[in-house]
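What follows is a short report on a single structure.
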Amino acid sequence: VENRDNPDEVIVFFYIPKDSYFTLKQRFYIGCMTCLNGVIEITANGITSFLESYSKICVDSDDVQGKAYENTYLIVTSNKSEWSKDTQEHVVQYQ
Numbered sequence: 033v034e035n036r037d038n039p040d041e042v043i044v045f046f047y048i049p050k051d052s053y054f055t056l057k058q059r060f061y062i063g064c065m066t067c068l069n070g071v072i073e074i075t076a077n078g079i080t081s082f083l084e085s086y087s088k089i090c091v092d093s094d095d096v097q098g099k100a101y102e103n104t105y106l107i108v109t110s111n112k113s114e115w116s117k118d119t120q121e122h123v124v125q126y127q
């Protein structure tokens, strides 16, 4: 979804199923993550944070892992120039 207030930014919606682990392969296309619903644990730069409904974290690390404790819906902001079809296919790797 394009951001009408910032044409250089794109907003991407993610669903992460309960008990899923994930890792970001590269962070260059991720700005901030906002949890819409659910609970998710995110570890970046060795610091663990928990996001619950309507909480937000900005990621500044290429080393990001996480786990969904509930079915979780996220909004992720990204620089539009970095977002491509190749990127879309490789954003998140689930286990």
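The working numbering puts the first residue of the sequence shown at 33, with every later residue one more than the last. Glycine included, each C-beta is placed from N, C-alpha and C at the ideal position. Note that the structure is a prediction, hence the values are computed from the model and not measured.
Backbone CA spacing between S52 and D37 [nearest angstrom]: Here residue 52 is taken as the residue at index 20 of the sequence shown, counted from 1. Here residue 37 is taken as the residue at index 5 of the sequence shown, counted from 1. Distance between the alpha carbons of S52 and D37 is about 33 angstroms.
Unbroken beta strand (DSSP E) run spanning K88, endpoints: Within the sequence shown, residue 88 is the residue found at index 56, counting from 1. First-last of the beta strand (DSSP E) with K88: S87 to C90.
Secondary structure of E34, DSSP reduced to three states: In the sequence shown, residue 34 corresponds to position 2, counting from 1. Three-state DSSP puts E34 in a strand.
Which of helix, strand or coil DSSP assigns to H122: Taking the first residue of the sequence shown as position 1, residue 122 is located at position 90. Low confidence applies to H122: its pLDDT is 46, below 50, so where it sits in the model is not reliable, and the reading given next is rough at best. Three-state result, H122: coil.
Host beta strand (DSSP E) of G70 (start-end): As a working note, residue 70 is residue 38 in the sequence shown. Counting along the chain, G70 falls outside any beta strand (DSSP E), and DSSP gives it neither H nor E.
Whole-angstrom C-beta distance between C67 and E84, which should lie under 8 angstroms: The residue labelled residue 84 in the question sits at position 52 within the sequence shown. The residue labelled residue 67 in the question sits at position 35 within the sequence shown. Their Cβ separation, rounded to whole angstroms, is 6 angstroms, which keeps E84 and C67 in contact under 8 angstroms.
Helix, strand or coil at S52 [DSSP, three-state]: Indexing the sequence shown from 1 puts residue 52 at position 20. The answer is coil: DSSP assigns S52 none of H, G, I, E or B.
Beta bridge counterpart(s) of G98 as assigned by DSSP: Numbered from its first residue, the sequence shown carries residue 98 at position 66. DSSP lists F54 and I74 as partners of G98.
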